[in-house]
Amino acid sequence: MTPPPAFTPVENRPSSKKHYQPVNRPSSSGVSLNPITPATPTHPQPPSTVLQTFLPLVDWLHCHKPIFGALLETHVKEPSLRPLITKLCPDWNYFANHSSDPDGRIILIWRDPIQINIIRQSSQCVTCIISLPNQPLIHFTAIYAFNTNEERVELWTDLLQLHSDLDLDSHSWIIGGELNQIMCPFEHSSLSMVVLDSLMYQLQECFLKAGLFDLRFLGPCHTWTNKPPTDPIAKKLDRLLVNSAAVSFMPHAMATFLPPSFSDHTLCLLDLVFSLPKADVFIGFPRPTTTTDDLENLYMVYGVDRAVVLDLASEE
Numbered sequence: 478m479t480p481p482p483a484f485t486p487v488e489n490r491p492s493s494k495k496h497y498q499p500v501n502r503p504s505s506s507g508v509s510l511n512p513i514t515p516a517t518p519t520h521p522q523p524p525s526t527v528l529q530t531f532l533p534l535v536d537w538l539h540c541h542k543p544i545f546g547a548l549l550e551t552h553v554k555e556p557s558l559r560p561l562i563t564k565l566c567p568d569w570n571y572f573a574n575h576s577s578d579p580d581g582r583i584i585l586i587w588r589d590p591i592q593i594n595i596i597r598q599s600s601q602c603v604t605c606i607i608s609l610p611n612q613p614l615i616h617f618t619a620i621y622a623f624n625t626n627e628e629r630v631e632l633w634t635d636l637l638q639l640h641s642d643l644d645l646d647s648h649s650w651i652i653g654g655e656l657n658q659i660m661c662p663f664e665h666s667s668l669s670m671v672v673l674d675s676l677m678y679q680l681q682e683c684f685l686k687a688g689l690f691d692l693r694f695l696g697p698c699h700t701w702t703n704k705p706p707t708d709p710i711a712k713k714l715d716r717l718l719v720n721s722a723a724v725s726f727m728p729h730a731m732a733t734f735l736p737p738s739f740s741d742h743t744l745c746l747l748d749l750v751f752s753l754p755k756a757d758v759f760i761g762f763p764r765p766t767t768t769t770d771d772l773e774n775l776y777m778v779y780g781v782d783r784a785v786v787l788d789l790a791s792e793e
């Protein structure tokens, strides 16, 4: 997705040499971090060109009815974010990592009945705890890695530190987003890419130490293309990763990488199938797909110029 003129170009981004910043927010009450209310005159209204750029995303949200998401690479400045989401998604709450990066490279959005507690953030990732009614907590990390190798090494270090500090071997941990790095040669479309290099080894080592691995998935191996008219290049830059605790919690989960739509990255649909007790809080949530009589579907999608979306279907 090409950033609209009102957004800050990637090449103008300041240096990212920043580390995780703990965020102390209330979680037990379910109060949103930034409840979206009608914008006051002090908030600049988003230009019509910006609104037009995000209309495909809005249509997608209306179609799939998600209740959690992470939008990546939007380049929306902090003063413009509130009026933009108020205009496009008036029922959503949000959090952006503008305190770690002026571009707010990662934006989380959610609505009831989900509860979100942001626990750490950096310029390349945001980690939160997702609370679902009557279910164990899920640790989720949204990632948008930088383009340079040196900055990505900092991200791998942050993930390992996060794994250690939060004892994530004992908790369900899901990671979704763009890592900007392939893990092995076949994840590049070029036939000349046949040998593992040091950058691939670095990523593999990070996953091994953090206990992370790709969830089983359907769809194309390559999730990004530069879309030139001739000699296109495709790579697997986007991943849906889980740890063993997450698989134990949701053993039937499967990811599906969907055909490209309005982004140069594919959307990824994660179907977490597990039993949920009936409760009034679920009544009225639309079901995007047909399920068995005794199962609920929990969906997570990322793409949408790298969005992560979680959808909880209801038992009728």
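Residues 478 to 793, numbered by the working numbering, are exactly what the sequence shown covers, in order. We put the beta carbon where it would ideally sit given N, CA and C, even for glycine.
- Message: DSSP has residue 716 in a bridge; who is on the other side?
- Response: Beta-bridge pairing by DSSP links residue 716 to 654.
- Task: Please state whether DSSP places residue 730 in a helix, a strand or coil.
- Result: It is coil, neither helix nor strand.
- Task: Could you tell me if residue 703 is buried or exposed, where buried requires 16 or more neighbouring beta carbons within 10 angstroms of its beta carbon?
- Result: By the Cβ-count criterion, residue 703 is exposed, with fewer than 16 other Cβ atoms from all chains shown falling within 10 Å of its own Cβ.
- Task: Per DSSP, which residues does residue 622 bridge with? Please list them.
- Result: Paired residue(s): none; residue 622 is not in a bridge.
- Pair every Cβ in the segment 581-596 with every Cβ in the segment 555-570, then say whether three or more of these pairs are closer than 8 Å. Verdict: yes, contact present.
- Based on Cα-Cα distance, which residue from 548, 748 and 638 lies nearest to residue 683? Selected option, being the one with the closest Cα: 638.
- Item | Three-way DSSP call (helix, strand, coil) for residue 661 in this model | In the structure shown, residue 661 sits in coil (DSSP, three-state: anything other than H, G, I, E or B).
- Item | Closer than 8 Å: residue 589 CB and nearest the ligand GTP heavy atom | Looking at this structure, you won't find the ligand GTP or any other ligand, since it has none at all.
- Message: Does residue 710 come out as helix, strand or coil in the three-state DSSP assignment?
- Response: Residue 710: coil per DSSP, three-state reduction.
- residue 734 and residue 696 closer than 9 Å at C-beta: In contact: residue 734 and residue 696 (Cβ atoms closer than 9 Å).
- Query: Going by Cα to Cα distance, which pick from 647, 657 and 743 is closest to residue 720?
  - Reply: Ranking 647, 657 and 743 by Cα distance to residue 720 puts 647 first.
- Sequence-distant residues of its chain with Cβ nearer than 7 Å to residue 673 (five each side left out): Taking C-beta separations shorter than 7 Å and ignoring five residues to either side along the sequence, the partners of residue 673 in its chain run 661 and 662, following chain order.
- Message: Given this structure, state the Cα-to-Cα distance separating residue 730 from residue 749, to the nearest angstrom.
- Response: Residue 730 and residue 749: Cα-Cα distance of roughly 4 Å.
- Message: Can you tell me which residues form a DSSP beta bridge with residue 562?
- Response: Partner(s): none; residue 562 has no beta bridge.
- Query: Quick one: what's got a C-beta closer than 6 Å to residue 602's C-beta in the same chain, skipping five residues either side?
  - Reply: Cβ within range, chain order: 618 and 620.
- Query: So residue 732 packs on residue 717, CB below 8 Å; how close in whole Å?
  - Reply: About 4 Å; that satisfies the 8 Å criterion.
- Item | 7 Å Cβ shell around residue 723 - same chain, five flanking residues per side excluded | Hits under 7 Å: 649, 650 and 651.
- Query: How about residue 599 and residue 643: do their beta carbons lie closer than 9 Å?
  - Reply: No, these two residues do not count as a Cβ contact at 9 Å.
- Task: Kindly indicate which three-state DSSP category residue 691 falls into: helix, strand or coil?
- Result: Residue 691: strand per DSSP, three-state reduction.
- Output the boundary residues of the beta strand (DSSP E) element that contains residue 594. Note, residue 594: beta strand (DSSP E), 592-598.
- Is residue 540 helix, strand or coil by DSSP? Judged by DSSP in its simplified three-state form, residue 540 adopts helix.
- Message: Mapping the DSSP letters down to three states, classify residue 605 as helix, strand or coil.
- Response: Looking at residue 605 - three-state DSSP - the assignment turns out to be strand.
- Query: Hey, residue 616 and residue 687: beta-carbon distance below 9 Å or not?
  - Reply: In this structure, residue 687 does not lie closer than 9 Å to residue 616 by Cβ.
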